[in-house]
Structures are given as C-alpha cells and as structure tokens.
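Protein chains in written order, with this note's numbering: chain A, 11 to 120; chain B, 408 to 521.
Here is the structure:
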C-alpha cells in the first residue's frame, strides 16, 4: 500500500525555472523524506524533515511540512537538466519503515 | 565506502521457475529493506530486517516469496515459483536504524518473467 500521493504526476519546465512538487499523506508521521530516482537507477535520499519542523533547506532544495494538512512540498530552485528524474516522498510513522508515494516525474529541458 | 550492492542487475526467467536476488548492505547498517517497484509506481515494502530478525513482513506474499538475512549482514530474496505479475524492479536498501534516519538504496534487480 502507498501512503503518499504526489502531485503533479508529471512536470515539464525549462532550465532555470523553479519546480514545485507536493505530497499528501494519510496517517501521523515521525518524519517525511524526499528521494530522487534517475531512470533505471536506485533511489537517492535528498532531505529529511521531522514532524516538529516546518521548513528545511539543502542547497537548491526547500521542503515544507504542514502536519495539520498532512502535506509537504519540495521546491527545486533554478532547475538544471540534470534534475530530470522522478521524485518520491516517503513517510516514516516511527517504525523505521518508509512508505512511498507514486512519485512526480520531472523533465527539465535545456 | 561501498554502497548497497545488489546482484544480479537484470534477470529474465520463464514463469514457474525459481529466482533469487542478493543484497549486501552498507557495513554497519542494522536495518535492511526489500522493496518492489512496478513501472511508474513508488517502491512498496516487502520486508524489513533489524539485524537478522524480520520485524515487518506483512506485505510479503509468503506463499511464493521468502527472504533470509543470516548473520544479520547480507540478504537473499527468493521467489518460487515466479509468475508473470512478478516482473518488476526489486530494490534493497539499508539504514543505521532508529529514529530519523535515511535509507540508502542499491541499483535494484530488474526481473522479467516470460
């Protein structure tokens, strides 16, 4: 079963633009994580935000978390062609098992 | 430091045949996961180990799937017999465990059942 639901399913932008992806989930969480997956590869961890945090930054990434709405967003600023990938949110309800959403496919065109 | 290593990378088998996947986690990582990923979908947990103990195998189809993690290090996932619907990518991941830890994923094994 999948807890998270990313929106949009697919996003196409030009290099230099910002990309925003959203994630909604259903149950209480301990933390929420974002991962990137390039075609045919494994997942790479991007950022983790704890349930008591509201915003976190890492380089060109900005993540927000609203536990009252059970939602999170991932913002990638100044996108590059190399950012083309699928992005997944994953929730940890406190048992160390990550439950993933279906992902957002991001295409960044030069 | 080596990451999570999985083998084989690709496997093609006929239905009803057995198949096994192997995973070597990052050294020192007590938690090991096996996930299944269908095309266009997110990973779905099959089983999670804490050392050699399977602590979450509720999503593992036990009639045909089995897993083991002897000595709490590397792990094997087996399917016997394989069905056409088992075609997917099987991902292994590991983490140090505990609260607020990230998972490190292997490249996955792409299984095609014909």
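No residue lacks a Cβ here, since even glycine has one placed at the ideal position from N, Cα and C. Predicted, not measured: the structure shown is a model, and the values here were computed from it.
Bounding residues of the beta strand (DSSP E) (the contiguous stretch that carries residue i)
i              : result
residue 24(A)  : 20-24
residue 426(B) : 426-431
residue 70(A)  : Unbroken run through residue 70(A): none, as it is neither H nor E.
residue 501(B) : 495-502
residue 517(B) : 516-520
Burial state of residue i, where buried means 16 or more other Cβ atoms lie within 10 Å
i              : result
residue 455(B) : buried
residue 16(A)  : buried
residue 509(B) : buried
residue 450(B) : buried
residue 86(A)  : buried
residue 37(A)  : exposed
residue 474(B) : buried
residue 41(A)  : buried
residue 520(B) : buried
For residue i, the residue or residues it bridges with in DSSP
i              : result
residue 97(A)  : 46(A) and 114(A)
residue 102(A) : 41(A) and 108(A)
residue 474(B) : 484(B)
residue 27(A)  : DSSP output for residue 27(A) lists no bridge partner at all.
residue 87(A)  : Partner(s): none; residue 87(A) has no beta bridge.
residue 32(A)  : 17(A) and 83(A)
residue 74(A)  : 65(A) and 83(A)
Short Cβ contact (9 Å threshold) for residue i with residue j
i              : j              : result
residue 437(B) : residue 481(B) : no
residue 518(B) : residue 495(B) : yes
residue 59(A)  : residue 43(A)  : yes
residue 409(B) : residue 433(B) : yes
residue 412(B) : residue 479(B) : no
residue 28(A)  : residue 119(A) : no
residue 515(B) : residue 52(A)  : yes
residue 440(B) : residue 101(A) : no
residue 487(B) : residue 426(B) : yes
residue 39(A)  : residue 103(A) : yes
residue 75(A)  : residue 82(A)  : yes
residue 72(A)  : residue 63(A)  : no
residue 418(B) : residue 490(B) : no
residue 84(A)  : residue 33(A)  : yes
residue 463(B) : residue 452(B) : yes
residue 105(A) : residue 45(A)  : no
Proximity test, Cβ basis, 9 Å: residue i and chain E
i              : result
residue 100(A) : Absent from the structure is chain E; the protein chains it does hold are A and B.
Heavy atom of the ligand PLP within 8 Å of residue i beta-carbon
i              : result
residue 503(B) : For the structure depicted, the ligand PLP is absent and the ligand set is empty, with no information on it obtainable.
Problem set entry | Uninterrupted beta strand (DSSP E) stretches inside the segment 409-472 of chain B (no shorter than 3 residues) | Counting only runs of 3+ residues, the beta strand (DSSP E) found wholly inside the segment 409-472 of chain B occupies 412-414, 417-420, 426-431, 438-444, 451-457 and 460-463, in chain order.
Exercise. Which runs of the alpha helix (DSSP H) spanning at least 4 residues fall entirely within the segment 39-64 of chain A, listed in chain order?
Worked result: none
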